[in-house]
Amino acid sequence: MSFENLNLAEPIQRALKSEGYTQPTPVQEQAIPILLDHKDLLACAQTGTGKTAAFSIPIIQSLLENPADPTRSRQIKALILCPTRELAAQIGQNFNSYARFTAVRSAVIFGGVPQPPQEAALIRGVDVLIATPGRLLDLMGQGYIHFGNLEWFVLDEADLMLDMGFIPDIKRIIAKLPSSRQSVFLSATMPPEAVRLAKSILYKPEKVDVTEQLSSADSINQSLYFVNNPDKRALLIYVLKKTPGGNALVFTNTKSAADRISQSLNQAGIRAESIHGNKPQHARIKALGDFKSNRTRVLVATDIAARGIDVSNLSMVINYELPNVSQMYIHRIGRTGRAGAGGSAVSFCDSGEKAYLNDINKLLAQNIPVVADHPFMRTPDRSNSQAKITPSLPRRTIILRSSVAVHEEQSV
Ligand code: AMP
Numbered sequence: 002m003s004f005e006n007l008n009l010a011e012p013i014q015r016a017l018k019s020e021g022y023t024q025p026t027p028v029q030e031q032a033i034p035i036l037l038d039h040k041d042l043l044a045c046a047q048t049g050t051g052k053t054a055a056f057s058i059p060i061i062q063s064l065l066e067n068p069a070d071p072t073r074s075r076q077i078k079a080l081i082l083c084p085t086r087e088l089a090a091q092i093g094q095n096f097n098s099y100a101r102f103t104a105v106r107s108a109v110i111f112g113g114v115p116q117p118p119q120e121a122a123l124i125r126g127v128d129v130l131i132a133t134p135g136r137l138l139d140l141m142g143q144g145y146i147h148f149g150n151l152e153w154f155v156l157d158e159a160d161l162m163l164d165m166g167f168i169p170d171i172k173r174i175i176a177k178l179p180s181s182r183q184s185v186f187l188s189a190t191m192p193p194e195a196v197r198l199a200k201s202i203l204y205k206p207e208k209v210d211v212t213e214q215l216s217s218a219d220s221i222n223q224s225l226y227f228v229n230n231p232d233k234r235a236l237l238i239y240v241l242k243k244t245p246g247g248n249a250l251v252f253t254n255t256k257s258a259a260d261r262i263s264q265s266l267n268q269a270g271i272r273a274e275s276i277h278g279n280k281p282q283h284a285r286i287k288a289l290g291d292f293k294s295n296r297t298r299v300l301v302a303t304d305i306a307a308r309g310i311d312v313s314n315l316s317m318v319i320n321y322e323l324p325n326v327s328q329m330y331i332h333r334i335g336r337t338g339r340a341g342a343g344g345s346a347v348s349f350c351d352s353g354e355k356a357y358l359n360d361i362n363k364l365l366a367q368n369i370p371v372v373a374d375h376p377f378m379r380t381p382d383r384s385n386s387q388a389k390i391t392p393s394l395p396r397r398t399i400i401l402r403s404s405v406a407v408h409e410e411q412s413v
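Here you go:
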């Protein structure tokens, strides 16, 4: 199928051509006709599938078909709600590219930056608002935002919204939206809580699921290194030096680990920056910008800070720690090997992570190939037997502390 078959307005077709898109991705091919047919949509899709265009294009098309009255100030016709500032900024950029040959006007609002420019944009009037929940509620409370004319509501990365505790905010926002609207619910995973939320938002939705295609992405070369936890930093440096040139996104489970790893890499002569929720907004934007423009080679990130970030031509994803939710593995590695381009996904596994590895292998329905020969080798069998040995007191203390740290930091 090509974009021509979708009967899109000429300015949209032109924008897609100038973006270099030749044909729709699977989620676009399935979702765009549903949305153009005025139906609600429940889509299981993650960043990298082209989901932003899948909902942006029908919104732009509908705004072109029902243009705003030029004699009145613009009213918000579409609200796109997402969990993180980075994701909001990225959706805003993509949306503007797709709408660039139209008069459709959008604004992005999120916290951590001064409010006045956002207020000014809202006073000037926008058709499409892309927002994170906190700042949106602030501005709604201050009377800058009215949803009386809203036609579209998109909830993006819904599972992450739930993980981040946004459910009360989402409910407060939804309560202010007109009930006759078209709604889109996007989530990378569908835990029962997400299903319940989707049911409360959508009316007779059509469903699209593209997670399978991604999980079996052949273009990603996966490998697994068994390693003792204290050797992980040295192994990371080894892996990066072994494959010079390419950029790498390194995932850690905690914010403090992200900072420590990035420092070690810089000390080893590998330019790296970290990105996580404790960093001020300007530092996060800089770290991301430096990485995208290849000023730094490595970005070390927590899942939440990195979720939704789209970096084209990412050579390598490194799981410094395995995610404790197996589907997160697929989300992480899906950042590389985009659009059939080659990419590699390297994972480190220490003795405490064996259960996570089993879950991931089960989900993949295959075992991640193990790198059998490296300088920091830890055989899986040895680790199992080590795990069974009753730990001495100091070791137990370390385990306890690290598990508390994970617990404390996972919520951010
Ligand atoms: P998303 O999943 O929306 O974050 O999109 C991931 C990446 O895919 C973005 O860099 C888009 O520019 C790109 N993309 C989206 N749709 C297409 C398409 N039809 N052809 C090629 N690239 C695309």
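Everything in the sequence shown is counted per our numbering, starting at 2 for the first residue and increasing by one.
Where a beta carbon is used, it is the ideal one built from N, C-alpha and C, also for glycine.
Since we're looking at a predicted model, the values are computed, not measured.
Where residue i sits in the DSSP three-state scheme
i       : result
Tyr-22  : coil
Val-301 : strand
Ile-221 : strand
Leu-9   : coil
Lys-200 : helix
Met-329 : helix
Ser-184 : strand
Ser-294 : coil
Leu-43  : strand
Ala-79  : strand
Val-240 : helix
Lys-177 : coil
Glu-207 : strand
Asn-97  : helix
Val-312 : coil
Ala-55  : helix
Val-371 : strand
Ala-273 : strand
Gly-353 : helix
Leu-323 : coil
Ala-284 : helix
Ser-257 : helix
Phe-377 : coil
Asn-279 : coil
Asn-385 : Any reading at Asn-385 is ruled out, since the residue's pLDDT is 41, under 50, leaving its predicted position unreliable.
Met-165 : coil
Ser-348 : strand
Ala-306 : helix
Ala-90  : helix
Ala-235 : helix
Ser-32  : Strictly speaking, residue 32 in this sequence is Ala, with Ser absent from that position. In the structure shown, Ala-32 sits in a helix (DSSP, three-state: H, G or I).
Thr-391 : Caution is warranted here: a pLDDT of 30 is assigned to Thr-391, below 50, making its placement in the model unreliable, and no coordinate value can be reported.
Ala-366 : coil
Classification of residue i by the beta-carbon crowding that lies within 10 angstroms, buried from 16 upward
i       : result
Ser-275 : buried
Asp-164 : buried
Gly-149 : exposed
Ala-54  : buried
Tyr-321 : buried
Met-317 : buried
Glu-5   : exposed
Pro-324 : buried
Asp-70  : exposed
His-277 : buried
Gly-270 : exposed
Asp-160 : buried
Ala-307 : buried
Gly-290 : exposed
Pro-1   : Because the chain is modelled from 2 through 413, residue 1 falls outside the range shown and cannot be assessed.
Thr-190 : buried
Thr-72  : exposed
Thr-244 : exposed
Ala-356 : exposed
Thr-23  : exposed
Glu-11  : exposed
Arg-136 : buried
Gly-335 : buried
Gly-93  : buried
Ala-199 : buried
Inside the stretch 100-160 only - alpha helix (DSSP H) runs reaching at least 4 residues: 117-125 and 134-142
Three or more C-beta pairs below 8 Å linking the stretch 21-28 and the stretch 59-76: no
Sufficient close CB pairs (3 or more, under 8 Å) joining the stretch 190-205 to the stretch 29-45: yes
The stretch 218-229 touching the stretch 361-370, judged by at least three CB pairs closer than 8 Å: yes
At least three beta-carbon pairs within less than 8 Å, the stretch 247-258 to the stretch 296-304: yes
At least 3 beta-carbon pairs within less than 8 Å: the stretch 161-181 vs the stretch 92-110: no
Three CB pairs or more closer than 8 Å across the stretch 73-88 and the stretch 117-133: yes
Any 3 or more C-beta pairs closer than 8 Å across the stretch 233-253 and the stretch 342-362: yes
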